[in-house]
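So the mapping is simple: the working numbering equals the position in the sequence shown, first residue as 1, plus 9.
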Amino acid sequence: MFTTTFNFAILHDLQQLVQHPTRIPDRLGDMPNILDIFLTSNPSAYVATLSSPLGSSDHNLISVSCPISPIPPHDPPKRRCIWRFVRLFLCR
Numbered sequence: 010m011f012t013t014t015f016n017f018a019i020l021h022d023l024q025q026l027v028q029h030p031t032r033i034p035d036r037l038g039d040m041p042n043i044l045d046i047f048l049t050s051n052p053s054a055y056v057a058t059l060s061s062p063l064g065s066s067d068h069n070l071i072s073v074s075c076p077i078s079p080i081p082p083h084d085p086p087k088r089r090c091i092w093r094f095v096r097l098f099l100c101r
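Below, the structure is given as structure tokens:
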């Protein structure tokens, strides 16, 4: 599964945002692992944070946010009046 995901990420020029282990071992001898992934083609557009596990879970929480700013409203269309329409038409 990891190889397939890794190949997919390379083929599509994706980068992994989660860089720290997300699974905390609950048995002696187990190693922490990155099991949860977030792939993106624009890593600078996202912020990934890890939080403590909920309840008795052995996985850290991952939050990914995309800080965006609202699009400014457009000015409403302005109404224009052509006072000398006939003259404008004849000049062409």
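Cβ atoms here follow ideal geometry from the backbone N, Cα and C, with glycine treated the same way.
When the Cα atoms are used, P82 and L20 turn out to be separated by approximately 39 Å.
Just so you know, the alpha carbons of D39 and P79 end up roughly 45 Å apart. The criterion of a C-beta distance shorter than 8 Å is not satisfied by Y55 and L23. By the C-beta density criterion, N69 is buried, having at least 16 other C-beta atoms within 10 angstroms. In chain order, L48 place their CB closer than 6 Å to the CB of A18, counting only its own chain and leaving out the 5 sequence neighbours on each side.
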